[in-house]
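Peer 1:
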Amino acid sequence: MPLFFRKRKPSDDSQKRLEYQLCRSKEAGADDILDISACELSEVPSSAFSICKVLQKKVLILHNNELRSLLPKGCDISALATLK
């Protein structure tokens with residue numbers, strides 16, 4: 001049994017989904033939801049919190065990921081109304 005586990009690299013499809021969802025959230029007329037679910041994430045990218053803050057997103061959807069930690073250092077979620 002190994003003592004150290006390597007980070008599993010997300011598949012190409014999940015990486016494309018993450019990039020698509022981040023770009024989609026920046027479009028004019030986008031709603032107040034950032035959905036980065038099912039992206040095989042082990043941690044939430046700090047860019048997601050930056051997008052939420054700058055674009056005043058109220059909901060961050062993270063289900064169906066492999067999260068080991070929720071908040072990167074220095075990130076603030078106080079502006080979010082809902083975290084799913």
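When we follow the UniProt record's numbering, the leftmost residue of the sequence shown carries the number 1, and every step to the right adds one. Quick reminder that beta carbons are idealized off the backbone N, C-alpha and C, glycines included. Quantities reported herein were computed from a predicted structural model and do not represent experimental measurements.
#1: Considering only DSSP beta bridges, list what D35 is partnered with.
#2: Leaving out five residues before and five after R68 in sequence, what residues of the same chain have Cβ atoms less than 7 Å from its Cβ?
#3: If you drop the 5 nearest sequence neighbours on each side, which residues of the same chain put their C-beta closer than 7 Å to that of C75?
#4: Which residue's Cα is closest to the Cα of L62: L83, C52, K9 and Y20?
#5: Express the C-alpha separation of K16 and A28 in angstroms, rounding to a whole number.
#6: Do you know whose CA, among K9, I36, E66 and Y20, lies nearest V59's CA?
Peer 2: For this structure:
#1: For the purposes of this step, residue 35 is taken as the residue at position 35 of the sequence shown. Paired residues: I61.
#2: For the purposes of this step, residue 68 is taken as residue 68 along the sequence shown, with counting starting at 1. So the list reads S42 and E43, once near-sequence residues are dropped.
#3: Stepping through the sequence shown from its first residue, residue 75 is reached at position 75. Around C75: S46 and F49.
#4: Counting from 1 along the sequence shown, the entry for residue 62 is found at position 62. Comparing Cα-Cα distances from L62 to each of L83, C52, K9 and Y20, the minimum goes to L83.
#5: The residue given as residue 28 occupies position 28 in the sequence shown. The residue given as residue 16 occupies position 16 in the sequence shown. So the alpha carbons of these two residues sit roughly 21 Å apart.
#6: In the sequence shown, the residue the question calls residue 59 occupies position 59. Ranking the options by Cα distance to V59, first place goes to I36.
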